[in-house]
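Undergrad: Please see the structure below; I have some questions.
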Amino acid sequence: MLRQVIELLGGARRAAVVTHRRADADALACAKILQLVLERIGVTVVAVVCPEGSPLGGCTKELPRDVDVYVLADVATLSQVPPLQGRYFRVDHHYVGDDIPGIVLRRPSCAEVALKLAEEAGVELPPEVIKLAVLGIYTDTGRLRRADAETLRALAKLLEKTGGTLGDLVEEGKVEEFQRVVALLKGVKRLEAYRSSVGIICTSHVGAYEADVAALLLSMGCGVALVASRKEDGVHVVMRSRGFDVATLAKSLGAGGGHKEAAVAIIREDVAKTQLPRLLRRIVKQMDANAEPLVQ
Numbered sequence: 385m386l387r388q389v390i391e392l393l394g395g396a397r398r399a400a401v402v403t404h405r406r407a408d409a410d411a412l413a414c415a416k417i418l419q420l421v422l423e424r425i426g427v428t429v430v431a432v433v434c435p436e437g438s439p440l441g442g443c444t445k446e447l448p449r450d451v452d453v454y455v456l457a458d459v460a461t462l463s464q465v466p467p468l469q470g471r472y473f474r475v476d477h478h479y480v481g482d483d484i485p486g487i488v489l490r491r492p493s494c495a496e497v498a499l500k501l502a503e504e505a506g507v508e509l510p511p512e513v514i515k516l517a518v519l520g521i522y523t524d525t526g527r528l529r530r531a532d533a534e535t536l537r538a539l540a541k542l543l544e545k546t547g548g549t550l551g552d553l554v555e556e557g558k559v560e561e562f563q564r565v566v567a568l569l570k571g572v573k574r575l576e577a578y579r580s581s582v583g584i585i586c587t588s589h590v591g592a593y594e595a596d597v598a599a600l601l602l603s604m605g606c607g608v609a610l611v612a613s614r615k616e617d618g619v620h621v622v623m624r625s626r627g628f629d630v631a632t633l634a635k636s637l638g639a640g641g642g643h644k645e646a647a648v649a650i651i652r653e654d655v656a657k658t659q660l661p662r663l664l665r666r667i668v669k670q671m672d673a674n675a676e677p678l679v680q
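All you need for this note's numbering is the position in the sequence shown, starting with 1, plus 384.
Structure follows, in structure tokens:
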């Protein structure tokens with residue numbers, strides 16, 4: 385894969401690594417590892433960019449213009465990043481998304497793809513990046529629910545280097561816990577559930593921590609969770625499931641993509657907060673025209 389990266393760079397000497405908006409732990413870990421890989425092979429990384437920031441910090445919001453190439457980390461669709469002027473390619477793990485040039489390896493987390501590149505390049509990860517990678521893998525695999533043997537081997541290698549336990553690192557990496565709990569409570573309060581041919585579909589809407597709310601709904605027994613939020617570029621619908629192909633569903637709604645059981649749709653509509661439940665009902669009816677409400 386490292387040879388592919390060198391080819392994609394095409395002689396570029398200055399680069400910026402760019403994550404998706406509101407970078408989570410996996411996106412930021414992937415970006416930080418890629419930064420080290422690029423620097424190892426002689427490329428100057430001007431900045432690690434997280435459009436709209438990241439709860440974890442450690443990156444800038446502003447997109448630099450004085451670069452030869454943008455390296456997109458954990459980006460499945462160009463709607464997840466600001467307009468890019470110039471060349472770009474991605475390093476990603478989503479099997480559904482835009483046709484962006486780059487390297488896509490179907491793994492449960494982007495950090496795992498970046499770790500493979502780091503190993504090829506002979507990069508020694510500093511402790512702070514190792515901890516971030518552990519947190520990224522843990523969260524992006526649904527607390528290891530989507531982890532396979534290869535994921536667990538990668539995680540074990542990281543833990544051996546830190547000398548800590550998984551629980552210790554996860555607790556250390558928690559951020560904005562109070563706000564997250566408030567979002568979870570709001571998500572449950574706004575819950576709508578439907579009986580359908582694909583199982584119980586649960587919908588809700590919050591302002592942040594959409595993935596956490598979706599994971600909570602799955603843990604409550606929902607077969608599919610759809611959690612909407614209003615963003616600058618439209619409505620984002622975070623989707624999680626137990627077997628249903630939400631990546632294809634996300635793609636059918638506009639911009640978006642992801643994995644079979646974890647995806648995001650970006651619907652470019654100006655929807656008022658009060659109208660989000662109606663939009664979610666529309667998606668439910670697209671999934672199953674005969675879906676029936678259970679609770680409201």
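We treat Cβ as the ideally placed atom computed from N, Cα and C, and that holds for glycine.
Once DSSP output is grouped into helix, strand and coil, what is the label at V421?
TA: Here V421 sits in helix by DSSP.
Undergrad: State the DSSP-derived secondary structure class of K615, mapped to helix, strand or coil.
TA: It is a strand residue.
Undergrad: Is E496 buried or exposed, if buried means 16 or more other CB atoms sit within 10 Å of its CB?
TA: So E496 ends up on the buried side.
Undergrad: State the Cα-Cα distance for the pair G591 and E534, rounded to the nearest angstrom.
TA: Each residue's Cα considered, the two are about 34 angstroms apart.
Undergrad: Can you pull the DSSP bridge partners for G641?
TA: V648.
Undergrad: By Cβ distance, which residues of its chain are closer than 6 angstroms to P485, with the 5 residues on each side in sequence left out?
TA: Hits under 6 angstroms: F473.
Undergrad: Tell me the rounded alpha-carbon separation between C606 and D408.
TA: Approximately 24 angstroms, taken between the alpha carbons.
Undergrad: Would you mind giving the Cβ-Cβ distance between L422 and A399, rounded to the nearest angstrom? I have them listed as a contact below 8 angstroms.
TA: Rounded, the Cβ-Cβ distance is 6 angstroms, consistent with contact.
Undergrad: Thinking just about the alpha-carbon of each residue, which of D476, R397, Y593 and L553 is nearest to the one in G571?
TA: The shortest C-alpha separation from G571 is found at Y593.
Undergrad: Would Y479 and A631 be called neighbours here (beta carbons separated by less than 9 angstroms)?
TA: It is a contact, given that the beta carbons lie within the stated cut-off.
Undergrad: Span of the beta strand (DSSP E) holding E576?
TA: Start and end: E576 to S580.
Undergrad: For the region 512-519 against the region 638-649, are there 3 or more C-beta pairs whose distance is under 8 angstroms?
TA: Result no; under three Cβ-Cβ pairs closer than 8 angstroms.
Undergrad: On the DSSP bridge list, what partners appear for A498?
TA: Per DSSP, none; premise fails for A498.
Undergrad: If you follow the alpha helix (DSSP H) that D596 is in, where does it begin and where does it stop?
TA: Run containing D596: E594 to S603, per the alpha helix (DSSP H) assignment.
Undergrad: Along the chain, where does the alpha helix (DSSP H) that runs through G486 open and close?
TA: Premise fails: G486 lies in the beta strand (DSSP E), G486 to V488, not in any alpha helix (DSSP H).
Undergrad: Helix or strand or just coil, what does DSSP make of T587?
TA: T587: strand per DSSP, three-state reduction.
Undergrad: Considering only the alpha carbon of each residue, which of I584, G583 and S613 lies closest to V597?
TA: Minimum Cα distance to V597 is reached at S613.
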